[in-house]
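In our numbering, the protein residues as written are 218 to 333.
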């Protein structure tokens, strides 16, 4: 139950800091409202990376990906100065990932939340 609350709290924080830069296109796809080719390239680059990380097609893109200043700040941090810390967290979490994914799935939440 504590894990579930932690995941929900994390989701709320991520949602609040990342919302506002996507809209739904007429075809149902998510479209960034950010201006500039550089932003669009970053989104495409991240979406391509997301496909490589997922174990199965059913798990891909459970959470819409968007890039804004807050998201980019944390991506830069975890790719740079915070990389060793994040690597350690991911290594330690691998023991619990199957259990957490199962809990999220039972709660009807995207399994991608295990990485939040």
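Quick reminder that beta carbons are idealized off the backbone N, C-alpha and C, glycines included.
Quick check: the Cα distance between residue i and residue j, rounded to an integer number of angstroms?
| i | j | result |
| --- | --- | --- |
| residue 353 | residue 286 | One cannot answer for residue 353 here, as it falls past the ends of the chain, which runs 218 to 333. |
| residue 319 | residue 290 | 30 angstroms |
| residue 293 | residue 329 | 20 angstroms |
| residue 325 | residue 280 | 13 angstroms |
| residue 300 | residue 288 | 15 angstroms |
| residue 323 | residue 315 | 12 angstroms |
| residue 297 | residue 321 | 29 angstroms |
| residue 302 | residue 309 | 11 angstroms |
| residue 282 | residue 311 | 23 angstroms |
Terminal residues of the continuous alpha helix (DSSP H) containing residue i?
| i | result |
| --- | --- |
| residue 315 | 314-323 |
| residue 326 | Looking at the DSSP string, residue 326 is not in any alpha helix (DSSP H), and its letter there is neither H nor E. |
| residue 283 | Element bounds for residue 283: n/a, residue is neither H nor E. |
My guess is that residue i and residue j are in contact by the Cβ rule of under 8 angstroms, so how many angstroms apart are they, rounded?
| i | j | result |
| --- | --- | --- |
| residue 317 | residue 331 | 5 angstroms |
Please state whether DSSP places residue i in a helix, a strand or coil.
| i | result |
| --- | --- |
| residue 305 | helix |
| residue 298 | coil |
| residue 292 | helix |
| residue 311 | coil |
If we count the other Cβ atoms within 10 Å of its Cβ and call it buried at 16 or more, is residue i buried or exposed?
| i | result |
| --- | --- |
| residue 307 | exposed |
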